[in-house]
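Numbering (the UniProt record's numbering), first residue to last: 1 to 354.
The beta-carbon is built from N, C-alpha and C at its ideal position, and this holds for glycine as well.
Just below is one structure, and these are the notes that go with it.
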Amino acid sequence: MRYQGLLHTYKSYLPVTERTPMLTLQEGNTPLVRAERLSEQLKLDIYFKYEGLNPTGSFKDRGMVMAVAKAMEEGSRTIMCASTGNTSAAAAAYAARGGLNCVVLIPNNNIALGKLAQAIIYGAKVIAIEGNFDRALEIVRDITSKHPITLVNSVNPYRIEGQKTAAFEVVDQLGHAPDYLAIPVGNAGNISAYWKGFKEYKEAGKSSSLPKMIGFEAEGSAAIVRGEPIPNPETVATAIRIGNPASWKTAVAAAQESNGFIDCVTDDEILHAYKTIASQEGIFAEPASAASIAGVIKKKKEGYFSDNQSVVCVLTGHGLKDPNIAIKSVAAEPLVVQDNEAAVMDAIAKLEQA
Ligand code: F0G
1 MRYQGLLHTY KSYLPVTERT PMLTLQEGNT PLVRAERLSE QLKLDIYFKY EGLNPTGSFK
61 DRGMVMAVAK AMEEGSRTIM CASTGNTSAA AAAYAARGGL NCVVLIPNNN IALGKLAQAI
121 IYGAKVIAIE GNFDRALEIV RDITSKHPIT LVNSVNPYRI EGQKTAAFEV VDQLGHAPDY
181 LAIPVGNAGN ISAYWKGFKE YKEAGKSSSL PKMIGFEAEG SAAIVRGEPI PNPETVATAI
241 RIGNPASWKT AVAAAQESNG FIDCVTDDEI LHAYKTIASQ EGIFAEPASA ASIAGVIKKK
301 KEGYFSDNQS VVCVLTGHGL KDPNIAIKSV AAEPLVVQDN EAAVMDAIAK LEQA
């Protein structure tokens, strides 16, 4: 039967009532792709949960479809969020689909080009503040507490409900829970959502074990790892440039309860992993997503894993979200040559020597 989206597929696990509109852009149902070369190199059984293939190109669609459907059910007319980009793209798309107004607050000059383009074209009111994500979220929380506007950041519990469905899919696709679930950590909602999902699916008898949750922040934004908020977070992975994660406590609980951990990776490690999976595996994910791979490579070097254990790495967003980083991170831009065969053959020879 035709796939009908998350609200339909996982109705019995979600706060879906008879009055909940069955909103969908066919989110979810994303591929679990085996990392053939990386698995061999690291002597692990590694899979990518390729969330970049959601309708707006990130995992945010899972939570947003649920949050926006509930906002509609409750009669809300306007939704609002702070965002490093992906949440705003998803909010704008589902608001358009559901006929709601959408206001997004983004950190000026610190969101990837593709994400900005999405929020604009879907018709959201886009406001860039001279401040970072953490400040934007504070402002959004203040405004939505005083006005009849629905907050759709992951502090809205419906977001977590929708996002937990990714854990269900991982179990169904693999046939069991993996030994490890490696995931980037920014505002810390997604690691909390996956853990909730794995636990609920086990309780429902769908899996016999639980994975260890291993989360990775970017070093310049690693508030949880350092144990204190970071006033001026920095990282090339703008999606996770967050200094005071809203779901801090539930993320730490997920790591502890599962016998996992939250660690951090440097920008160099992120960019290395980002290029490696694109050039070795044919998978293009945005830099923040590569934090999960970078983390697995780092932990392998530290001797953390046993051979052949299964690791699912969540690739949270599509590489096309951030074309500027892709172009900047390679040694050379395309060679420009004259439009004849000889010039092209010369160029190929030059590139082969390079
Ligand atoms: N990866 C990507 C591509 C993201 O966009 C985000 C968060 C994360 C990872 C981290 O997930 O916050 O649940 O720990 N992006 C948010 C946004 C903050 O506004 O789009 P998290």
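query                                                                                                               : result
For SER289 and ILE183, the rounded distance between their alpha carbons                                             : 8 Å
Buried/exposed call for VAL213, threshold 16 Cβ in 10 Å                                                             : Strictly speaking, residue 213 in this sequence is Met, with Val absent from that position. Per the 10 Å Cβ criterion, buried.
Proximity test, LYS60 beta-carbon vs ligand 1 heavy atom, cut-off 7 Å                                               : yes
Where the beta strand (DSSP E) containing PRO233 begins and where it ends                                           : It is not in any beta strand (DSSP E) - PRO233 carries neither H nor E in the DSSP assignment.
Cβ-Cβ distance between ALA255 and PHE261 below 8 Å                                                                  : yes
Paired residues, beta bridge with GLU217 - DSSP                                                                     : CYS264
Identity of the residue in TYR194, ARG62 and ILE277 nearest GLN26 by Cα                                             : ARG62
Short Cβ contact (8 Å threshold) for residue 385 with ASN156                                                        : Given a span of 1 to 354 for the chain in the structure shown, any question on residue 385 remains unanswerable.
Cα-Cα separation between GLU51 and THR250, rounded to whole angstroms                                               : 22 Å
Unbroken beta strand (DSSP E) run spanning LEU32, endpoints                                                         : 32 to 34
Nonlocal neighbours in the same chain, by C-beta distance under 7 Å from PRO323, ignoring five residues either side : LEU113 and GLY114
Local conformation of MET80 per DSSP, three classes                                                                 : strand
Contact check, GLY317 vs GLU286, beta carbons under 8 Å                                                             : yes
For VAL152 and ASN110, the rounded distance between their alpha carbons                                             : 20 Å
Identity of the residue in ALA90, VAL236 and PHE216 nearest ALA82 by Cα                                             : ALA90
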